[in-house]
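All remarks here apply to the structure that follows.
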Amino acid sequence: MLRIFMEHIDIELLQSAPALHMQTVLKTRNLSTNQVVNETSASSTLTPDEMARYLFDPNALSRVLESLDQLEIAILKELVASRGRANSRDLALYFSTIMPATEATLPPVRPSYVQGYNTTSEGVSASHSHGSMRITGTSFSSNGNSPLQYPVAHPHGLFELAVRHLLLLGLLFWGKQTAFVGRDYASGIHDGTLIVPEAVRAAVLQLWGTGGPFITFTNSTLDATADTKYEKTDDSEETEGIRALQRALYLYWSLVASQDDGLSLVNTGLLSRASLRLVIEQVGHRGTQNQGNQGTQTGTRMVGEQIRLETDVPYLLFLRLLLTHLGLLQERNGSIVAVNAEPFFSLPLIERARRCFDIWQNSPFWNEILYLPDVNVRPGPSPFDAAHDEVVHGRQAIVERLEHEQPDEWHSLSSFIARTKLHVPYLLFPRQYGSRTERYMNGSNPYGWDFRLKRGWLTHREGWHMVEGGFIRTAITGPLHWLGVTTLDSEDAPTSFCVPDSSYLLLTDVPPPVKNEVWGRLIVQPNFELVALAPVSEALLIALDRFAERISLEHIAQYRLTKASVTRAIRLGLHSEDIQRTLEQAAGSDIPQNIHYSLAEWERQARRIEIWPDATLLEVDDVALLDNLFVDDTTRSLLRRRIAPKLAEVAPGQLETLQEMLWQRDFLPSVVSAPVRNLTAIEPLAPREIQWQLHDDGLVQPLYAVTDLYLAAELEHFSDFDEPTGWRRITVSSLQRALEQGLTLDTIIRFLNTYCCSTNGNRGVPPSFLIRLKLWGGGYNQQHDIAVEHAPMLRLSPEILADLLADEDIATLLNGEVEQQQRLVRVQPQHLERVLAKLREHGFSVQ
Numbered sequence: 094m095l096r097i098f099m100e101h102i103d104i105e106l107l108q109s110a111p112a113l114h115m116q117t118v119l120k121t122r123n124l125s126t127n128q129v130v131n132e133t134s135a136s137s138t139l140t141p142d143e144m145a146r147y148l149f150d151p152n153a154l155s156r157v158l159e160s161l162d163q164l165e166i167a168i169l170k171e172l173v174a175s176r177g178r179a180n181s182r183d184l185a186l187y188f189s190t191i192m193p194a195t196e197a198t199l200p201p202v203r204p205s206y207v208q209g210y211n212t213t214s215e216g217v218s219a220s221h222s223h224g225s226m227r228i229t230g231t232s233f234s235s236n237g238n239s240p241l242q243y244p245v246a247h248p249h250g251l252f253e254l255a256v257r258h259l260l261l262l263g264l265l266f267w268g269k270q271t272a273f274v275g276r277d278y279a280s281g282i283h284d285g286t287l288i289v290p291e292a293v294r295a296a297v298l299q300l301w302g303t304g305g306p307f308i309t310f311t312n313s314t315l316d317a318t319a320d321t322k323y324e325k326t327d328d329s330e331e332t333e334g335i336r337a338l339q340r341a342l343y344l345y346w347s348l349v350a351s352q353d354d355g356l357s358l359v360n361t362g363l364l365s366r367a368s369l370r371l372v373i374e375q376v377g378h379r380g381t382q383n384q385g386n387q388g389t390q391t392g393t394r395m396v397g398e399q400i401r402l403e404t405d406v407p408y409l410l411f412l413r414l415l416l417t418h419l420g421l422l423q424e425r426n427g428s429i430v431a432v433n434a435e436p437f438f439s440l441p442l443i444e445r446a447r448r449c450f451d452i453w454q455n456s457p458f459w460n461e462i463l464y465l466p467d468v469n470v471r472p473g474p475s476p477f478d479a480a481h482d483e484v485v486h487g488r489q490a491i492v493e494r495l496e497h498e499q500p501d502e503w504h505s506l507s508s509f510i511a512r513t514k515l516h517v518p519y520l521l522f523p524r525q526y527g528s529r530t531e532r533y534m535n536g537s538n539p540y541g542w543d544f545r546l547k548r549g550w551l552t553h554r555e556g557w558h559m560v561e562g563g564f565i566r567t568a569i570t571g572p573l574h575w576l577g578v579t580t581l582d583s584e585d586a587p588t589s590f591c592v593p594d595s596s597y598l599l600l601t602d603v604p605p606p607v608k609n610e611v612w613g614r615l616i617v618q619p620n621f622e623l624v625a626l627a628p629v630s631e632a633l634l635i636a637l638d639r640f641a642e643r644i645s646l647e648h649i650a651q652y653r654l655t656k657a658s659v660t661r662a663i664r665l666g667l668h669s670e671d672i673q674r675t676l677e678q679a680a681g682s683d684i685p686q687n688i689h690y691s692l693a694e695w696e697r698q699a700r701r702i703e704i705w706p707d708a709t710l711l712e713v714d715d716v717a718l719l720d721n722l723f724v725d726d727t728t729r730s731l732l733r734r735r736i737a738p739k740l741a742e743v744a745p746g747q748l749e750t751l752q753e754m755l756w757q758r759d760f761l762p763s764v765v766s767a768p769v770r771n772l773t774a775i776e777p778l779a780p781r782e783i784q785w786q787l788h789d790d791g792l793v794q795p796l797y798a799v800t801d802l803y804l805a806a807e808l809e810h811f812s813d814f815d816e817p818t819g820w821r822r823i824t825v826s827s828l829q830r831a832l833e834q835g836l837t838l839d840t841i842i843r844f845l846n847t848y849c850c851s852t853n854g855n856r857g858v859p860p861s862f863l864i865r866l867k868l869w870g871g872g873y874n875q876q877h878d879i880a881v882e883h884a885p886m887l888r889l890s891p892e893i894l895a896d897l898l899a900d901e902d903i904a905t906l907l908n909g910e911v912e913q914q915q916r917l918v919r920v921q922p923q924h925l926e927r928v929l930a931k932l933r934e935h936g937f938s939v940q
């Protein structure tokens, strides 16, 4: 049984409708429900409350709703899904995009009491012969950038007739602001707000719910697209877009990691042209279309020679910013450098894709308004400006609308934009910022920008489809496509899109199905070639990049082991055992014997001369004890390698664990620390060239690519690593730490005076930083106060002063003598305030 909702707004709708129209509604519902009501007196005898109980009776509503045809049901359900109200012409536009003209059909013949429907064959014939009987689509071009034209409203149009019938049945009402043409309230041609009463909304939801497509029309164009562009065969093809993004992220990251100094930036924060060429060669230039405020000719695909700025390729800029927000790239000293990415790429594919999607959806690092096609935004954002909160909310609204679309089906971009206008009319521009006609002017929107066409100002209706619609189109064909959420029918000029079923794992919080990811096997050939079969894990590629040279990377990955690549890996801390273990795990079997021998020999040659910082060594008296430790599985992981028959290297961080294991075997090991090189013991300091330039803020900049290793180790005792620059910096905490460890301030200053120079090239500590250094380290005998003396003073010899103090008449007029330990300096009165300000900047306490 349908419940009835007697909302106050329903009563107001009945009161706002003309009495003549309500009389017609009552007559129509009388005949359709076979209820006996006096036709001539019904409207005069029923109050609005009684009329509402009659029109919105559950049984009557149920019978009326079940008698509707497909188009009428679709209109009613779309209005209910749009919170019960929508503009009639916006609704007509949406249905014109989903109803192909070649397959539009006549509505069923209505009883004679429904005005506007003819029961005679002549009447039907006349209606069918009218040109407006077929609803044509909008004038969107293939790229969606042509001016929009709404369908012409005609009394005999399919949509207008369906709306008229719903009005006559009392299922729809016009809003109060509707401008009626003539006196026909029930006409479907008006441009106004259509409202569904609350009782009808409840009945529609209970009868049909909100799920499923509201209307189904066959579309030969989209069907052909679906047949040729998206034929899902297995999970790997279904997640092809998601895998493509992860592969692009890996390629970009690996390129940056392979550059010793990273990728250089220019003053604007964009990649230099040389760095951009490297990225294009490595990653490609997918989506290099001039568009929006950054482009010069919308829809024109650029070739590699035409690309001059990183903003010419939004896809590559998006990848860089996404990698930065993932924590895989960092900006340091005017360059982009790579950070360890193995933890990220070791995650499951869906988990990585979700992280990328969540960052785009909820972070302001990307601004789609910058890439609106055919709209001039002035002054507009820069590529690195944080997006406004309304832009982030707009993305979230688009994602929410995508969740309502059918998966694995093709959808017209024009239809999706038209439907989104019904559900989110205030996308990007909240209602409180002014009327719709002024929202695109700088004083009436939250951005403070002007949105204009090249030919003039935007109207509110045209503007929505150019600005908000352009925003939707940019998001779907840009970031959502790059993230693998949507599939396009064309990369150059897309007109439709598809949301693969796997993408709904990103759009929703539904946990992914638990299943083991299947990766291709690694083939290790005796000729030192490595072949990784598809699908190739990015985590395996990162591991191979450490010790092998990449030959090619397409569906399969080809690498080659060389002496140079293995030597480079050993210098970075790898061992031949680690390389062998990685190859065997990826291959699932033992590697060829010649490769095993070559790895060991290359490591032996590379380690003929080594310097091990912070190493822990284990020395035993009995060779058998060390043999047992390497054989035992519980202790083998605690040791790295055997250096000599009685000497082995302990794995980092495993000293305490190894001690406990030896205690359990009744051995009492003695822990001896290597002697620390005492900086104060060297007098004078060893003569060396100046190694660093010391800035006034404590930043220590190397003068050479490789500094003296011993001096660099000494510098680490009283400095910290500066992450933005990659250099060292002397701070209060680092200086205090050094003093607590036994170093003296004089020793540190002597070291800096010997091996550093100031920014002007003079050897030694800059005077301004020397003052700060002494204040941090208590170098002024803990006397940091400076007093200002304003009283007149006498300058005289000690003998004269003694005699004057003996004279009672003069002694009573003199104050105390100034302490001899301190010094007095003259300051001109006009310079006093400036001197005091400078002293306070250096950290002195001025009284």
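Read in order, the letters of the sequence shown are residues 94 to 940 in the working numbering. We treat Cβ as the ideally placed atom computed from N, Cα and C, and that holds for glycine.
Practice task
Within the same chain, show all residues whose beta-carbon is closer than 6 Å to that of V629, passing over the 5 residues directly before and after it, in chain order.
Solution key: The answer, listed in chain order, is G613 and A650.
Handout entry: Nearest-angstrom Cα separation, counted from R294 out to K514
Key = Spanning the two alpha carbons is a distance of roughly 20 Å.
Handout entry: Supposed close pair L186, A511 - CB separation, criterion 8 Å
Key = The pair is a contact, with the Cβ atoms about 5 Å apart (cut-off 8 Å).
Handout entry: Close beta carbons around G791, own chain, < 7 Å, minus the five adjacent residues each side
Key = Cβ neighbours of G791 beyond the five flanking positions: R822, I823, T824 and F862.
Practice task
Determine the extent of the alpha helix (DSSP H) in which R566 is found, giving its start and end residues.
Solution key: Note, R566: alpha helix (DSSP H), G562 to T570.
Exercise for the section: Would you list the one or two residues that DSSP bridges to Y652? Expected result: Partner(s): L623 and R643.
Handout entry: CA-to-CA distance, V256 to L265, given in whole angstroms
Key = The alpha-carbon atoms of L265 and V256 are separated by roughly 8 Å.
Practice task
Would you be able to state if there are at least three C-beta pairs under 8 Å between the region 779 to 793 and the region 754 to 762?
Solution key: At 8 Å Cβ cutoff, the stretches do not touch.
Exercise for the section: Measure the CB-CB distance between H258 and I282 and report whether it falls below 8 Å. Expected result: No, they are not a contact pair.
Practice task
Using a threshold of 8 Å, state whether the C-beta atoms of Y464 and G562 are closer than that.
Solution key: It is not a contact, given that the beta carbons lie outside the stated cut-off.
Handout entry: Buried versus exposed, by CB contacts within 10 Å (16 or more), H497
Key = Burial is judged here by how many other beta carbons sit within 10 angstroms of a residue's own beta carbon; H497 has fewer than 16 and is exposed.
Exercise for the section: Write down the C-beta distance between L342 and L412 rounded to the nearest angstrom, noting that I regard them as a contact closer than 8 Å. Expected result: Rounded, the Cβ-Cβ distance is 6 Å, consistent with contact.
Handout entry: Rounded C-alpha distance that separates V470 from L802
Key = Using only the alpha carbons, I get a separation of about 54 Å.
Practice task
Report yes or no: do three or more beta-carbon pairs, one from the region 355 to 370 and one from the region 401 to 410, lie closer than 8 Å?
Solution key: Yes, the region 355 to 370 touches the region 401 to 410.
Problem - Simplified DSSP state of A662, which is helix, strand or coil - result: In the displayed model, A662 falls within a helix according to three-state DSSP.
Practice task
Identify the continuous alpha helix (DSSP H) that holds T847 and give its terminal residues.
Solution key: If you look at T847, you'll find it in the alpha helix (DSSP H) that goes L838 to Y848.
Problem - Identity of the residue in Y533, G857 and G681 nearest L546 by Cα - result: Distances from the CA of L546 to each of Y533, G857 and G681 were compared; the closest alpha carbon is that of Y533.
Practice task
Spatial neighbours of R661 within its chain, please: CB distance less than 8 Å, with the 5 preceding and 5 following residues excluded, ordered by chain position.
Solution key: If we look at R661 and ignore the five residues flanking it on each side, its Cβ neighbours are F640.
Problem - Neighbourhood of L676 by C-beta distance below 6 Å, restricted to the same chain and skipping five residues each side - result: Closer than 6 Å at the Cβ level, and outside the excluded window around L676, lie V617 and I684.
Practice task
Could you spell out where the beta strand (DSSP E) holding Q735 opens and where it closes?
Solution key: Checking the sequence, you will find Arg at residue 735 rather than Gln. Taken as a continuous stretch (DSSP letters only), the beta strand (DSSP E) holding R735 covers L732 to A737.
Practice task
Measure the alpha-carbon distance for A296 versus N123 and round it to whole angstroms.
Solution key: Between the alpha carbons of A296 and N123 lies a gap of roughly 19 Å.
Exercise for the section: Label A167 either buried or exposed according to how many other C-beta atoms from any shown protein chain fall within 10 Å of its C-beta, with 16 as the threshold for buried. Expected result: Burial call: buried.
Handout entry: Distance, E291 Cα to I102 Cα
Key = Taking the straight line joining both Cα atoms gives about 8 Å.
Handout entry: Separation of Q794 from G944, as counted between CA atoms
Key = What is shown of the chain runs 94 to 940, which leaves residue 944 out entirely.
Exercise for the section: Determine the DSSP secondary structure at L107, reduced to helix, strand or coil. Expected result: If DSSP states are grouped into helix, strand and coil, L107 belongs with the helices.
Problem - Residue nearest to V590 in terms of C-alpha spacing, selected from F564, A636 and S505 - result: For the record, residue 590 in the displayed sequence is Phe; it is not Val. Comparing alpha carbon positions, the residue from F564, A636 and S505 closest to F590 is S505.
Problem - For D482, three-class secondary structure by DSSP - result: The answer is helix: DSSP assigns D482 an H, G or I state.
Practice task
Look up I102 in the DSSP assignment and say whether it is helix, strand or coil.
Solution key: It is helical.
Practice task
Report yes if the CB atom of W459 is closer than 8 Å to the CB atom of L414, and no otherwise.
Solution key: Yes, Cβ-Cβ distance for W459 and L414 is below 8 Å.
Practice task
Could you check which residue in S537, F438 and G268 has the C-alpha nearest to that of R336?
Solution key: Looking only at S537, F438 and G268, the smallest Cα-Cα distance to R336 is reached by F438.
Problem - Extent of the continuous alpha helix (DSSP H) run through F437 - result: Segment E435 to F438, the alpha helix (DSSP H) holding F437.
Practice task
Scan the region 762 to 837 and note each continuous alpha helix (DSSP H) run of 4 residues or more that stays entirely inside, going in chain order.
Solution key: Qualifying alpha helix (DSSP H) stretches, in chain order: 802 to 808 and 825 to 833.
Exercise for the section: Give the DSSP bridge partners of D543, in chain order. Expected result: R471, per the DSSP bridge assignment.
Exercise for the section: Measure the CB-CB distance between W542 and G473 and report whether it falls below 8 Å. Expected result: Yes; because the gap between Cβ atoms is below 8 Å, this pair is in contact.
Handout entry: Beta-carbon proximity check, L731 vs L751, cutoff 8 Å
Key = Yes, the pair counts as a contact, with Cβ atoms nearer than the cut-off.
Exercise for the section: Output the distance between the C-alpha atoms of D789 and T580, rounded to the nearest integer angstrom. Expected result: D789 and T580 have their alpha carbons spaced roughly 55 Å apart.
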